[in-house]
Structure formats: structure tokens, C-alpha cells
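Protein chains in written order, with the numbering used here: chain S, 223 to 324; chain E, 25 to 512; chain H, 57 to 453; chain D, 4 to 167.
C-beta: ideal position from N, C-alpha, C; glycine also.
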Amino acid sequence: MNGVPLSWYLILSAILFALGAAGFMIRKNMITVFMCIELMLNAVNLSFVAFSRHFKTIDGQIFTFFVMVVAAAEAAVGLAIILTVFRNRSTLQVDDIDSLRL
Amino acid sequence: METSFLPTAAEYLRLLPETILIVSGTILMILEGLAGPRNRKNLSPLAIAAILAAMAATVAAAGNPGPAFNNMILADGFGAFFRMVVLSAGLLAVLCSSSYLTREKADSGEYYALLLYSMTGQCLLSTANELIMVFIGLEISSIATYILAGYLRDDARNNESALKYFLLGSFATAFLLYGVAWIYGITGSTNLEEIRRTLLNPESGASPLLTGVAAALMFIGFAFKISAVPFQVWAPDVYQGAPAPVSAFMSAGPKAAAFAVMLRVYLTAFPSIGDGWQTMIWLTALGTMIVGNFAALTQSNLKRILAYSSIAHAGYVLVAVTAYSDTGTAAAMFYLAAYAFMNIGAFAVVSHFSRTGEKYVELNDLAGLAQKQPTTAALFSLFLFSLIGVPLTGGFFGKFYIFKAAIDSGLIGLTVLGLLSSAVAAFYYLRIIVVMYFHEPGDTMDTITSPAPGIQIALWTSALATLLLGVFPSFVLDYATTSAVLVR
Amino acid sequence: METLLENPLLQKLLAPLIITIVIIAVFPLMAGYIVLVERKVLADMQVRLGPMRVGPHGLLQPIADAVKLLLKEDIIPRDADKSIFWLAPVISTFTALSGFTVLPFSHYIFVTDVNVGLLVIAALSSVGIMGVVLGGWASNSHYSLMGSLRSGAQLVSYEVALALALVCGVMMAGTLSMVEIVRRQQDQGIWFAFENYGLMLIPFMIYLIAAVAETNRAPFDLPEAESELVAGFHTEYSGFRWSLYFLAEYANIFVVSAVAVTLFWGGWMRPFPNVGFLEVPLNVGFPVLLFAGSGLACFPLARKLKDPLQAKILALVAVGLIGVGLIFLVPFVNDKIIGVFWFLFKIGLIVYVMIWLRGTFPRFRYDQLMDIGWKWLIPLGLFAIFLNAIVGMLRAG
Amino acid sequence: MDPILFFIFAAVAVICAISLIVQKHPIKSALSLIGVMGSLAILYLLLGAEFIAAAQLIVYAGAIMVLFVFVIMLLNAGEEKSPARPSWFAKLLGIPLMIALLGILSYVIQRAAPEGSLAFGEYTGGAREVGRALFTTYLLPFEITSVLILIAILGAVVLAKKEL
């Protein structure tokens, strides 16, 4: 017993991904919703690193690196958008953001 | 090995359009900073010049097609075609934006910089030959568009639009990325050609089940970007809330680029799972057409009508994708080009008509436009006819080629249902024309001014392109047909 | 006994374990004495005496302070978020002390040598920000919240400059492992601070300034600006929890100084490492003179003290110091501990400079602080990277 | 040794992830997310990705999450008023869909994932390997990413500055 099967990592990643997606659906606070997206990205990263280790190539880690950069950019823009929404409406509840529905 | 990564001059040329866009975007941003808030200048001429230069560079790069930067991008005819579509959409959007921003007192270099960056992402998407470039191109395009959608940040509708677009877009990206991770896990590579080779090689042991799940996950990501059913929910809200020129751009540029990358990924990398994929697209195409057209019937807001119509049109393009043949790909390419012009034309009218603060975007506000501004009304009608698919317009040949390709591939059922739903669509487009021509003008019509020069250029260019594509389609179609073969 | 020591697993686990225990046990005491030194030096700069009551010349002051802190009533504000209020100082202390794990005290005394050691320190310090930010938030007080927001913004900003300065050093070393970085300097026979015709002094200065800001020290101690924010993010903290923050602060000072020493000042190497004839004077003469000299200097002071008990204590300290100095005369022992001596001595110098800065400069205003970080240090850091890369390439041919 | 470490940190990650979606207060959700990120960093170490593990802490836990916590504090976001009242959409689609997704994925992974056992220390991807790949094979994405970051800065400024 000195190794972990690849599929364990993949299942962990799938669990985290599904939790993130479920959180996205059921949470109402837009910051928390955004955090659920970050959780999903993290889950994907775990898959990438595990596959990278499986193939003994660096490509998966590079992908993870780019995902991190993109996540950082997304966080900056996303939180700026959330700030502007809050400034105009003083609410963080996704359900309250409904002026466009007919 | 140590020195081989150094790119050659030809490779730089293949990246020239993107380079021009990035550099001029940065220059615009710096100019804005240097000018300061006092002596603002309208920077749209510079942006237009940059886009025209990028178009020229696209043509130049198309003369010497091939891969660049370690196969990261593949500047082939297919890529060049979509680069041109994206750049044209961007050009028209800039033309519309100039007067819109002045009107809203939000004219700034940053807006144009973001537009250029967004186009950079879409150009990269059109040529991406590696999943990593797909991902980064998609993110550049999306993140810039999120900001543009919420650009007028004191307007609650803009905020809401940006927020919805952002949250759902990122959610979709996560799915796309998960699919990419799986593809990497199955094939050990992210290069499209290599993925194709591995998947087609029976000894590689790649499980079709796994590949199917991965391709489906990636499809969720793409389906969000092209607003296909059941991932279309964001589109109406986002198009309605965003500034009109941005909505125009969003419905043409990013959508065309997303279709480009979807076609390239599925045609190049996943021929091994073609059958399952066709069934999935069949359902999506049908659902998208029906939902788009029937939902549009109940709307009274012009931007929302156009948003649902853009969903329906994505459905038509998906019919061409379902055909899964070279003619189908070519038809999709032609349709996206034609759609870009007619739809931006329609949005340009809305952008002109809605006036400061986008106060007048309801259907009834259009009443009597034909009496006040016959030219604008006539051009709007032209675009609407093209969206319906009336002969002598680009929209007609677009639909014609799509359904022809579908019949050639034996998709009779889908073709019939598609034609029926587009007959339904004619109703809500005609309703707009009826309101324009046969209703008496209300009080609101008094405040309307004649279209700004930028809008006029955009309107006439789109109209000309729509007519040209309707009268001489072969020029564009031939090019599409020759380049469609490349991605197979 | 021999066989047990040669057991590879035991060697692998035992040495790090012992070092860890020593660090955890000794560092709080050391932090206390750094504070004493700080108070004494500041007092001297302001022409006063500083702590004098507890022990001879205040030598036992840190112990008294520690006892006071530990016995204080443990207060949690009523509206505070209990769990986070409890967690925040723990995060700070944990990350600060974890930084010690990759510090190379000498060529064989280190807990572990990670390939990405420098990144580990950067990672820990960036997570440490959470402790500050959360602490201020959990207190549910305006002063704390403002303090923690300011502090968080400051830490995030200066981390960029800090990292840029580190990149220069890493460029010279070609590795991120802390031990390897010193080895490279040993091989090249020069401290990296003086590499590239002295151009590396630019990143070193950037690092030093950013490090002062990063540890929330004067003149960048905005979060703790007493006149505006009472005590910043830890206004509501007291007793043991407060001392955890306090410990974390001094651990951070120690770690950033240690990184500066490792990356720029040759780690455990003596000065002029490539000049052979200085071996004996510097490695033996200097420590002996330092310890024995300061020990001897204590005797006249002890004679002046009126209280005989205090005089006796001071004399004992003096004898101890002389004893430590004499140990360096034994070649076998000298060989083992000289690395640690130089490492700690250099850290002491940098800590002294930090105290000096505190005694000299007035506090910056918040906008000035941000200007320095973003408009000066970061562009300068980028410039330093370019400059050193180009000069380094030219030198390599 | 490896399986034990894996199970400890996998459990921490899953517990923190569940806590992220059930906590009422956004700050606690953020802390839970940091917990997930930290345990993933350790799993990356187990997988031999030292550089990625460090980057995970620096970028995610150190930069992104600090930003989140900042925004939560700035907006003074309190507890959610109606925490356990998911809309019909969520009830109908969300949870069953996610369970289905998880089921499909686990089934697929069990059935068809590549076989292989990953032991610690057989392969490492340190800063050197990552750096080399970034500046040779992945030169273009690396350079293009700078545009992405520029957009992010530009966007944050455009959306947050005082006047347009």
C-alpha cells in the first residue's frame, strides 16, 4: 500500500465539482454563488494535476497554472461587478436581481 | 529542441491580427490615461483604424496558412473566415457605440480597448488548435464582454446584465474545463490533432463512454456561449440589460467565435464519437429553434425580441452543425456571416431609436417610425426580412444552404420542424414592421433625432452586406466551402 | 546508541523534530528579548533609559511581560464572532511559525529542504494575511475593521514588490530551495547582494523596504496607528490571544530577515567568504570578541548597581556571555555552530536596522503608503529584474 | 502512508466543501473554501506538483480569497435571510441533477478511467519544469494571458472608479 489509485483522485474531484455545482444552484448570496464556481474550478484543477501525474507529463500542471491565472482575473472582474450591483441595489440576494424579467 | 521553440517570421504573421488588436487596445488605454478627464477625445476613429488594420493582417495571414507557436494556433482559411466575421462585427459595433457613448456621457478609450481585447479573444478562438488556447481565448473574450455588458455601471439594468452573464458564463466555463480535463486524461494531450489521432487509434484503449462524457461536458460549456437550449436562460436578460451596441456585438462576435471553436473542436478532435454527438445536437437544435421562436412571440421589448431571435438563429446554425458534413459546416459559416450583418443592423436601429438612457425599447414605441424616418424604417425592415429569410437577402441563402445541407444528410424531420418554426418566427418580425408602418406615431416620436453619422455608416454597411450576400452568395459560400474542408 | 543514530528513518525524522521543538520552545523567549532590545535601542535613541525595574537593566522584563499576558483575563467582545475570533490569531501564528521550517540556519541545521522553499514562505505569508483580516472582522468593532482593511490592503500591495525583489535573487541563484541558494553563493564566493557589480543592491533595498511594510513596522505601521485606529486589527484582543498576534509579528520579522539574509547576504557564510586569510579572524576572533567583550563590559555595570541581587544576576549573565565566547575557541564546536552564529548575527543586524527605522522616520499617511508601494517599489522592482537579467546575461557572455 | 494522507485531506476537502454550501454566513463559506484549497494544495504535493501546490496557496488562498473576504467585509454582508429555501428551480433541477452528475461521473470513472496507482515521489514537477514548459511549448498562451490580466485590471478600474 504505497500508492493511491488515480480513480480515487478523480472521484474526489467529481465530488467537489458536483458540490460546487449544487451550491451554485441552491445558494442565494451572489458572493457565495461565485465561491461555488471557484470550488468547481479547484475540483477541475485536481483532475488536471492527477492526470498530469498519471502521464508523467507537465502539461496538466501547466493547464492548472492557467486556470489559476484565469480564476484570479475572473475574481477581480466578478467582484467588481458584484460591487456595482450592490451599489445600485444594496442587496446581495440573487433573487432580488430581477428587474429584467417580465 | 532547445532553440526550435523560437517562432519564425511566418508564425508572427499568422498572429498579426491579434497582435494589432492587442497593441492598439493598449495604445487606446494609454491615450485615455494621458488625455485625462478634461480633454477627452472621441477615440473611435483609432479603434476603427485598428480593426481595419487587423482585417488587412487577416488577409495577409490567410495568404500563408499554417500552424504557429508550437501548433497553438492554426491560421487556416477557416480561421481567417471567422476572424473576418468577428472583425466585421466589431467594426460595426464600434460605429454604433461612438454616438451611443457620447449620448450616455460615457465616452472613453477603455470601452474601445475592451472591445478590441474581446475581439482578440474571439480571433484566437477562431484559430485555436489546442484546448489551452480554446480556454484562454474563451476567457479573454468572455471577461471583456462581461465588463462591456455592465459598462454603464450606474445603470441598474447594465449591472444586472453583467452579473447574470458573468455568473452563468463562469459556471459554463467550469463545465467546459472539466471536459477538457477529461479529454486530457483520456488522450494525454490537449492538441486537437493529437487527440484525434489517439481517439481514432484502436490500440490507445480510449473508452468511447469516457470520451462521450467529456465531449458532453465540453458541449455544456459551448452551449452556454452560443445560448443553445437548455442553456439559453441568460441570453434575454443579458441582451436586454446591456448597452445596445454591446448587445449587438455579443449576438454576433462571441457567438460566431464560439461556433467556430465548437465546429473545430468537434470536427477535428472527435470524429470517433460522431453518431452520439449528432443525436445530442439534433435535440439541442430543435429545442433551441422552438424555444427561441415561440418565446419571442410573447415579448414586447425590442431587445428581448432580438435576443430570443438570436437564440432561434443559433438553433438554425445548430441544424447545419447536425448535418455533420462539409456542406453543413460551410452553410453554418455562411449563415453566421450573414447573421452578423443583419442582426447588428437591427440592433443599430434599436440603439439609435432608444435614445438617451434607452428609454424607448418597447415595441409600441416604434409606432409611426416610417413616417418620421422612412430611411431608417426601410433599412430596419430589410434586416427584419433578412432575419425572416425572405429571398434577395443574406438570411434567405443562409437558411437555404442550412436546410439543403440537412436534407443532404437525411435530416428530413429536423428540416421540416425547422421550417415550421421559422414560419412562426415570421410572425413576430412582421409585427415589428406592422407597428412601424401602420401605427400612428405617438408623442414619443417627437424627440427622435436623425441618426448619427456612425450609426448611418453602420446601417448602410450592414444593409449593403445583407443585400450582397443575398444577391451574390457564391463569393462567400465558395470560400466557406473550401475552408470547411480544412477542419475535418 | 551508534546503531540507533544511524537508523536512516530516525535520522530523517529525529533531526527535524528536535529542531522544530527547539524553535517552538526558544522562539517566544527570543521574541521577548527582541522586544527588550527594541525598547532599549529606542530609549537610547530618544535619550532615556527604557525598562530598568525588572532585573538588572530590565533584563528580566520579557519574562515579567509574558507572565502578565498569560495571566490576564480572557475577554471576547459580546458581539464578536466567537469561532473566527478564536481562529484568526491561530492562523497568523501558525503561518508565521511554519515559515521557520524551510529556513537554513546552517549547512546542516534546517527542518526540511523543499525544492520550492522560497515559494513556501511566500505562500505562508500570503495566507497569514487572512489572520489579520479575519481578526479585525471578527472583533465587530469599527477600529478593528478599518485597521484590518488597511492592513490587508497594505500587505497585499507590498507582497508584490517583495516578490519582485525575490525574483532578482532567484534569478541569480537559479533555484528556489533555500539551502541551494546559499550553496550557490558559496560556489560563486560572493553574497548575492554584491553580485552584478553591486546592481543587486537595488532589489535588496526594495526587499528591505517592502519587508518593513510587510511586517507592519514603523514607518509603515498604519494598521496600528494609535492616534487614528487605537491598535488596528487587534484592538479588541487581549491576553493570550493578543500575545499570539504579537508572537506572529515577531516571527514574521525574523522570517523576512532570514530570507533577506539567505537570499542576499550569503546565509550562514561569513563575510568575505572568498578571502582565505580572514577565516580565523572572522570565524574565531569575531565571535569570541563579541561575546567575551560584551560579557566583560557587564562587570563595570554590575559594580554600579546598588541592589546586590541584581548585581549578582548581571555578573552571572556576564560570565555566561564570556563562556559562550570561549566555546567558539574549540575548533570542533566552532565548526558546528559558526554557521548558525553568522546567520543569527546577520538577522540581528537587519532587525537592528528595522528598529533604527522605527526610531527615525515619522509614520506615512495611508495614500503615501500606497503610492510608495504601487508607484515606486513595483516599477523599480520590475526595472531591477530587467537590469539584473541583462547584466547577468552579458556577464555570462 | 500515501493512502492515509490522501484520506485525511480528501475528507477535509469534502467536509469543507459541504460546509461552504451550507454555511449561512459568507465569511464562513470563504473560510471553508480556503480549507478546501489548503487540503488540495497538500494533495498536489502528494502528486508531486510542488510548484502548483505553492501557487495554489499564493494565488487562491492568498490573493483570490483575500479579495473575496475584502469584498464581503466592504459590503458588510450579513447572514442570509432565507438560507434553506431553495427556489423550485433549484429543488427541481439542482440537487437531483448534481446527484445524477456525480453518479454518472463516478460510474464512468469506476468503469473506464485509466488504471494507475500514484505513489509519492516518483515524478515531480517543480518550478524548473513548469518554467521551461511555459517559455517554450506554451509560450503563446503564456504571453496571451497577460492580456487577460490587463483586461481584469482594466475592468476592475472601469467598474469601480469614481466617475466614468
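Which one or two residues does DSSP pair with residue 242(H) in a beta bridge? Note: residue 242(H) sits in no beta bridge, so no partner.
Using a Cβ-Cβ cut-off of 9 Å, state whether residue 216(E) counts as contacting chain S. no
So, is the C-beta of residue 171(H) closer than 9 Å to a C-beta in chain D? yes
Neighbour list for residue 481(E) in chain D, Cβ cutoff strictly below 7 Å: Chain D residues near residue 481(E): none, gap ~25 Å exceeds 7 Å.
Name, please, each residue of chain D whose Cβ falls closer than 7 Å to the Cβ of residue 280(S). 128, 132, 133, 136
If you draw a straight line from the alpha carbon of residue 70(D) to that of residue 253(S), how long is it in whole angstroms? 11 Å
Limits of the alpha helix (DSSP H) - the one that residue 98(E) falls within: Run containing residue 98(E): none in the alpha helix (DSSP H); it sits in the beta strand (DSSP E), 97-99.
Can you find at least 3 beta carbon pairs, one from the segment 290-303 of chain H and one from the segment 342-353 of chain H, that sit closer than 8 Å? no
Return the CA-CA distance between residue 353(H) and residue 92(H), expressed in angstroms with no decimal places. 19 Å
Strictly below 8 Å CB to CB, what residues from chain E border residue 295(S)? 163, 167
With the cut-off set at 9 Å, would you say residue 65(D) and residue 298(S) are in Cβ contact? no
So which residues of chain H does residue 60(D) contact, with C-beta pairs closer than 9 Å? 175, 176, 178, 179, 180, 182, 183
Delimiting residues of the alpha helix (DSSP H) encompassing residue 168(E): 155-173
Residue from 339(E), 472(E), 428(E) with nearest C-alpha to residue 391(E): 472(E)
Are the Cβ atoms of residue 329(S) and residue 160(D) separated by less than 9 Å? Shown here, chain S extends from 223 to 324; a query on residue 329(S) therefore has no answer.
Could you check the C-alpha separation between residue 133(H) and residue 120(H) for me, to the nearest Å? 26 Å
As a quick exercise: from 451(E), 430(E), 343(E), 372(E), pick the residue whose alpha carbon is nearest that of residue 308(E). 343(E)
Selected residue, minimal CA-CA separation from residue 357(E), among 283(E), 337(E), 186(E): 283(E)
How long is the line joining the alpha carbons of residue 182(H) and residue 188(H), rounded to whole angstroms? 11 Å
Comparing alpha-carbon positions, which option in 406(E), 415(E), 444(E) lies nearest residue 497(E)? 415(E)
Please determine, among 396(E), 474(E), 347(E), 317(E), the residue with the shortest C-alpha to C-alpha distance to residue 123(E). 474(E)
Hey, could you find the ends of the beta strand (DSSP E) residue 92(E) is sitting in? 90-92
For residue 386(E), the three-state DSSP class (helix, strand or coil): strand
For residue 339(H), the three-state DSSP class (helix, strand or coil): helix
Tell me whether residue 103(H) is buried or exposed, calling it buried when 16 or more other Cβ atoms sit within 10 Å of its Cβ. exposed
Along the segment 229-263 of chain E, where does the CB come closer than 7 Å to a CB of chain S? Name the residues. 261
How many Å lie between residue 145(D) and residue 311(S) at the Cα? 38 Å
Residues in the same chain with beta-carbon distance under 8 Å from residue 182(E), minus the five sequence neighbours each way, listed in chain order, please. 173, 174, 175, 176, 265, 266, 267
Burial state of residue 295(S) (16 or more Cβ within 10 Å): buried
Tell whether a beta-carbon distance below 9 Å holds between residue 272(E) and residue 120(E). yes
Taking the alpha-carbon of residue 255(S) as reference, which of 276(S), 285(S), 292(S), 243(S) has the nearest alpha-carbon? 243(S)
Measuring only the C-alpha atoms, how far is residue 125(E) from residue 178(E)? 14 Å
How would you label residue 45(H), buried or exposed, when you count the other beta carbons within 10 angstroms and need 16 or more for buried? No answer is possible for residue 45(H): the residues shown for chain H start at 57 and end at 453.
At what residues does the alpha helix (DSSP H) containing residue 306(E) begin and finish? 298-321
State the beta-bridge partners of residue 251(S) as determined by DSSP. 315(S)
Should residue 159(E) and residue 288(E) be called a contact, given that it needs their Cβ atoms to be closer than 9 Å? no
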